[in-house]
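Q:
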Amino acid sequence: MGQSATLYPIDKSGFSKIIDNPKNFGLFKISKRSEIFDKSFDGLQFVLSKGLDKKNKELIEQIFYPKIFVGEQLDFSKIDFENVPDDFDFEDHTISYNDPDKVLEIYQLLATITLNRFQSNFDHNELNKHEIYPGDVWNDKKEEKVAFNIRHMTIEFESLKSIFKTAKENDEYLLSYVG
Numbered sequence: 151m152g153q154s155a156t157l158y159p160i161d162k163s164g165f166s167k168i169i170d171n172p173k174n175f176g177l178f179k180i181s182k183r184s185e186i187f188d189k190s191f192d193g194l195q196f197v198l199s200k201g202l203d204k205k206n207k208e209l210i211e212q213i214f215y216p217k218i219f220v221g222e223q224l225d226f227s228k229i230d231f232e233n234v235p236d237d238f239d240f241e242d243h244t245i246s247y248n249d250p251d252k253v254l255e256i257y258q259l260l261a262t263i264t265l266n267r268f269q270s271n272f273d274h275n276e277l278n279k280h281e282i283y284p285g286d287v288w289n290d291k292k293e294e295k296v297a298f299n300i301r302h303m304t305i306e307f308e309s310l311k312s313i314f315k316t317a318k319e320n321d322e323y324l325l326s327y328v329g
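Counting from 151, one number per residue, gives the positions in the sequence shown under our numbering.
1. Does the Cβ-Cβ distance between I213 and L202 come in under 9 Å?
2. For F304, which residues does DSSP report across the bridge?
3. Identify, in the order they occur along the chain, each residue of the same chain with its Cβ nearer than 8 Å to the Cβ of H280, setting aside the five sequence neighbours on each side.
4. So, is I169 buried or exposed, given that buried needs 16 or more other C-beta atoms within 10 angstroms?
5. Near D321, what residues of its chain come up, given a Cβ to Cβ distance below 6 Å and the 5 sequence neighbours on each side ignored?
6. Can you tell me which of A297, G164 and K292 puts its alpha carbon nearest to the alpha carbon of G285?
7. Please state if the CB of L325 and the CB of P159 are separated by a distance shorter than 9 Å.
8. I believe S246 touches F272 by the beta-carbon criterion, under 8 Å. Please report the beta-carbon distance rounded to the nearest angstrom.
9. DSSP on F214, reduced to helix/strand/coil?
10. Who are the near neighbours of D161 in its chain, counting only those whose CB is closer than 6 Å to its CB and skipping five residues on each side?
11. Tell me the rounded alpha-carbon separation between T304 and N171.
12. Taking all protein chains shown into account, do 16 or more other C-beta atoms lie within 10 angstroms of the C-beta of N266, making it buried, or fewer, making it exposed?
13. Just reading off the beta strand (DSSP E) that P159 is part of, what are its end residues?
14. Rounding to the nearest angstrom, what Cα-Cα distance links D192 and Y283 in this structure?
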């Protein structure tokens, strides 16, 4: 089992429900669709960031790690880790999201990255060298059922562009959950 990143498009009405009750993560059910990037999201960020200036690299980072959130952010410096209850949920405190303006900005950046450019920037050796999650699994195999190669990452890239395009067209928020 590994980490995945999930993007949830939410319309303005649904988002206002989340604002009213940010601790109810069941509200993700109000999203009519989602896109899961299973163990590939760090690789996507790495490949997409290649050749970009600092501002655009930060924008790429916000795809899965938005800077704005609702809910209460934990102050880890104030947690007594020796006495944390077993049932303490470290993740059930904030909901990170990109608002429709940020979705548009990210979409516009993604639209400038062609499939050809993305594929040219994919280098499995470089991903392994930099220990990009999930680690030493990036490869150049061509088989259809093999992940973490250019074919798999191309599919992930197209899915990412698609969810941002649809969210932009529908003036939606994109909530992000990594875990």
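We treat Cβ as the ideally placed atom computed from N, Cα and C, and that holds for glycine.
A: In short:
1. In terms of Cβ geometry, I213 and L202 do not form a close pair [threshold 9 Å].
2. In the sequence on display, residue 304 carries Thr and not Phe. Note: T304 sits in no beta bridge, so no partner.
3. So the list reads F196, once near-sequence residues are dropped.
4. Answer is exposed; the Cβ neighbour count stays below 16.
5. Answer for D321: P250, listed in chain order.
6. The candidate whose alpha carbon is nearest that of G285 is A297.
7. Contact annotation: P159 and L325 have beta-carbon atoms nearer than 9 Å.
8. Under the criterion of beta carbons closer than 8 Å, S246 and F272 do not qualify as touching, at roughly 26 Å.
9. It is coil, neither helix nor strand.
10. Counting only Cβ-Cβ distances below 6 Å, and skipping sequence neighbours, we find E322.
11. Rounded to whole angstroms, T304 and N171 show a C-alpha spacing of 37 Å.
12. So N266 ends up on the exposed side.
13. It spans S154 to I160 - the beta strand (DSSP E) in which P159 sits, taken as one unbroken run.
14. Each residue's alpha carbon lies about 6 Å from the other.
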